[in-house]
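Residue numbers (this note's numbering): 14 to 94.
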């Protein structure tokens with residue numbers, strides 16, 4: 014089983030890198046983009062876990078305890094077979 018964990022800054026946290034990317038996009042003439050927020054994607058391969066509930070618990074714990082700074086970041090994830 015695989016998991017894809019998406020980590021992004023909370024909406025209340027300023028994102029200077031996202032602003033810089035947005036500015037670069039605008040300078041290239043793409044006017045339809047109104048906002049950019051940057052983040053990280055982690056692909057995690059799980060072995061030895063058969064049921065989805067256990068996989069969800071493990072991935073959530075990894076995301077919460079290792080992959081994110083809970084003060085400024087939030088996460089979501091999806092499981093894939």
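Using N, Cα and C, we set each Cβ at its ideal position, and we do this for glycine too.
Proximity winner among the options, relative to residue i (alpha-carbon distances)
i          : options        : result
residue 23 : 54, 88, 93, 92 : 88
residue 6  : 53, 14, 42     : Missing from the structure shown is residue 6; the chain here goes from 14 to 94 and no further.
residue 63 : 93, 21, 18     : 93
residue 21 : 70, 45, 39, 51 : 51
Beta-ladder partner(s) of residue i, from DSSP
i          : result
residue 92 : 16
residue 58 : 15
residue 78 : In DSSP, residue 78 forms no bridge with anything.
Through-space distance from residue j to residue i, alpha-carbon basis
i          : j          : result
residue 84 : residue 76 : 13 Å
residue 29 : residue 36 : 10 Å
residue 34 : residue 44 : 13 Å
**Study point:** Complete beta strand (DSSP E) runs within the stretch 22–54 (minimum length 3 residues, chain order)
**Key:** none
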